[in-house]
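Have a look at the structure below before the remarks.
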Amino acid sequence: MTAMVKAEGVHKSFGHIEVLKGIDLEVAPREVFCLIGPSGSGKSTFLRCINHLEKINAGRLWVDGELVGYRQKGAKLYELRDSEVALKRRDIGMVFQRFNLFPHMTAVENVMEAPVQVKGESKAVARERALKLLDRVGLSDRAGNYPSQLSGGQQQRVAIARALAMEPKLMLFDEPTSALDPELVGDVLDVMRGLAEDGMTMVVVTHEMGFAREVGDSLVFMDGGVVVESGNPRDVLTNPQHDRTKAFLSKVL
Ligand code: ADP
Ligand code: MG
1 MTAMVKAEGV HKSFGHIEVL KGIDLEVAPR EVFCLIGPSG SGKSTFLRCI
51 NHLEKINAGR LWVDGELVGY RQKGAKLYEL RDSEVALKRR DIGMVFQRFN
101 LFPHMTAVEN VMEAPVQVKG ESKAVARERA LKLLDRVGLS DRAGNYPSQL
151 SGGQQQRVAI ARALAMEPKL MLFDEPTSAL DPELVGDVLD VMRGLAEDGM
201 TMVVVTHEMG FAREVGDSLV FMDGGVVVES GNPRDVLTNP QHDRTKAFLS
251 KVL
């Protein structure tokens, strides 16, 4: 089975600061892959590499079976052309900590926007799908609301529906509940749990250890730009092997 994401010795530097120092991991299709680690460990940077927002400096990275970045020491950089990148990015949905909805558009218009603008879909077809997606995230009665009229949790669920509107093969979540008031977190996690049950491949950066334990198929603990420990979330969370993992978990659990 072809991995949805495969990283081999992935390095990424900004100037002379090395942020990713050789990441090796594999995400299988339909897998919920959780990524945890302290602030600054390189989690967001790694997601951005998967989503072609950053180019890797060394190693090899495949997304959906295709090599998207490759460099060996002293060799020429292999990378996709910009036009290829634009096509690849359509297949990846990303949800950020901040919801980044278009403030001047209603919920349904936010969800319709990319299929109409990027894929050239008709508004009628895009609207129909958008309404179904809003229903799926529990917001069928909010289609006509502007972001400012929605709670943070509702906005984040619109953001998830918006990402799903492009019918992605892979969903990336970068701390999707970290900016939410505690009482709004559960609804967003429930939507993500539903996506997982439907078989969506998901890479989730999160501090929600309950979600990782219950929904995650794999868990990776990153620190200082390396994978310190990985495995079944239940095993890693209840019986961490490395001191750095233990120290981190003692702070967040
Ligand atoms: P995490 O998501 O685990 O908190 P990040 O991937 O956001 O970590 O950041 C890892 C390190 O990379 C941090 O020290 C951050 O300051 C640095 N970094 C991230 N993006 C850039 C950038 N565009 N330019 C320079 N440094 C960056
Ligand atoms: Mg981050």
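Each residue of the sequence shown is one higher than the last, beginning at 1 in full-length UniProt numbering.
Backbone N, C-alpha and C define an ideal beta-carbon position, used for all residues, glycine too.
Inter-residue Cα distance where the pair is Leu172 and Val125 | Residue numbering aside, residue 172 sits at position 172 when the sequence shown is read from its first letter. Residue numbering aside, residue 125 sits at position 125 when the sequence shown is read from its first letter. So the alpha carbons of these two residues sit roughly 25 Å apart.
Say yes only if the C-beta of Leu43 is nearer than 7 Å to one or more non-hydrogen atoms of the ligand ADP, and no if none qualify.
-> Position 43 of the sequence shown, counted from the first residue, corresponds to residue 43. It should be pointed out that residue 43 corresponds to Lys in this sequence rather than to Leu. True, at least one ligand heavy atom lies under 7 Å from that Cβ.
Compute every distance between the C-beta of Asp174 and the non-hydrogen atoms of the ligand ZN, then say whether any falls below 7 Å.
-> Because the ligand ZN does not appear in the structure shown, any question about it cannot be addressed here, the ligands present being the ligand ADP and the ligand MG.
Under the criterion of a Cβ to heavy atom distance below 7 Å, does Ser230 qualify as lining the ligand ADP?
-> Within the sequence shown, numbered from 1, the residue matching residue 230 stands at position 230. Checking every heavy atom of the ligand ADP against the Cβ of Ser230, none is found closer than 7 Å.
Determine the burial state of Val118: buried for a count of at least 16 other Cβ atoms within 10 Å of its Cβ, exposed for fewer.
-> Translated into the one-based positions of the sequence shown, residue 118 becomes position 118. The residue in question, Val118, is exposed, as its Cβ has fewer than 16 Cβ neighbours within 10 Å.
Expressed to the nearest angstrom, what Euclidean distance is found between the alpha-carbon atoms of Ser140 and Gln241?
-> Walking along the sequence shown from the start, residue 140 turns up at place 140. Walking along the sequence shown from the start, residue 241 turns up at place 241. Distance between the alpha carbons of Ser140 and Gln241 is about 45 Å.
Please look up how many angstroms separate the CB atoms of His52 and Val85, rounded, as I've assumed it's under 8 Å.
-> Reading the sequence shown from its first residue, position 52 is the one you call residue 52. Reading the sequence shown from its first residue, position 85 is the one you call residue 85. That belief holds up - the Cβ atoms of His52 and Val85 are roughly 5 Å apart, short of 8 Å.
Hey, would you say the C-beta of Ser39 is under 7 Å away from at least one heavy atom of the ligand ADP?
-> The residue given as residue 39 occupies position 39 in the sequence shown. Yes, the Cβ of Ser39 comes within 7 Å of a heavy atom of the ligand ADP.
According to the Cβ coordinates, are Phe33 and Met202 closer than 8 Å?
-> Here the question's residue 33 lines up with position 33 in the sequence shown. Here the question's residue 202 lines up with position 202 in the sequence shown. It is a contact, given that the beta carbons lie within the stated cut-off.
Are Gln156 and Phe99 touching if we call contact CB-CB under 8 Å?
-> As a first step, residue 156 is located in the sequence shown; it is residue number 156 there, counting from the start. As a first step, residue 99 is located in the sequence shown; it is residue number 99 there, counting from the start. Yes, they are a contact pair.
Does the ligand MG have even one heavy atom less than 7 Å from the beta-carbon of Val32?
-> Mapped onto the sequence shown, residue 32 falls at position 32. No; taking the cut-off as 7 Å, the Cβ of Val32 has no heavy atom of the ligand MG nearer than that.
Taking only heavy atoms of the ligand ADP into account, decide whether any of them is closer than 7 Å to the Cβ of Val19.
-> Looking up residue 19 in the sequence shown gives position 19. Checking every heavy atom of the ligand ADP against the Cβ of Val19, one is found closer than 7 Å.
Once you ignore the five residues that flank Arg48 on each side, which residues in its own chain have a CB closer than 8 Å to its CB?
-> Here residue 48 is taken as the residue at index 48 of the sequence shown, counted from 1. The residues are Glu54.
Grouping DSSP H, G and I as helix and E and B as strand, with all else coil, what is Phe96?
-> Residue 96 sits at position 96 when you count from the first residue of the sequence shown. Correct three-state label for Phe96: coil.
Please confirm whether any heavy atom of the ligand ADP lies closer than 7 Å to the CB of Phe14.
-> On the sequence shown, position 14 is the one that residue 14 refers to. The answer is yes for Phe14.
Would you kindly work out how many angstroms separate the C-alpha atoms of Leu195 and Gly37, rounded to a whole number?
-> Against the sequence shown, residue 195 aligns to sequence position 195. Against the sequence shown, residue 37 aligns to sequence position 37. Leu195 and Gly37: Cα-Cα distance of roughly 23 Å.
Among His104, Ala107, Thr106, Val68, which residue has its Cα nearest to the Cα of Gly88?
-> For the purposes of this step, residue 88 is taken as the residue at position 88 of the sequence shown. Looking at the sequence shown, residue 88 is not Gly but Lys. Per the Cα distances, Val68.
Can you list, in chain order, the stretches of the beta strand (DSSP E) that have 3 or more residues and sit fully within the segment 134-194?
-> 170-174
Between Val19 and the rest of its own chain, which residues show a CB-CB distance below 7 Å, the 5 nearest in sequence each way excluded?
-> Reading the sequence shown from its first residue, position 19 is the one you call residue 19. Counting only Cβ-Cβ distances below 7 Å, and skipping sequence neighbours, we find Lys12, Ser13, Gly42, Thr45, Gly225.
Name the DSSP beta bridge partners of Ser13, please?
-> Within the sequence shown, the letter at position 13 stands for residue 13. Beta-bridge pairing links Ser13 to Glu18.
Pull up the CB-CB distance for Asp24 and Ala7, whole angstroms please, since I reckon it's below 8 Å.
-> As a working note, residue 24 is residue 24 in the sequence shown. As a working note, residue 7 is residue 7 in the sequence shown. With 8 Å as the limit, Asp24 and Ala7 qualify as a contact, their Cβ atoms being about 6 Å apart.
Any heavy atom of the ligand MG closer than 7 Å to the CB of Val205?
-> Start at 1 with the first residue of the sequence shown, and residue 205 comes out as number 205. At least one heavy atom of the ligand MG is nearer than 7 Å to the Cβ of Val205, so yes.
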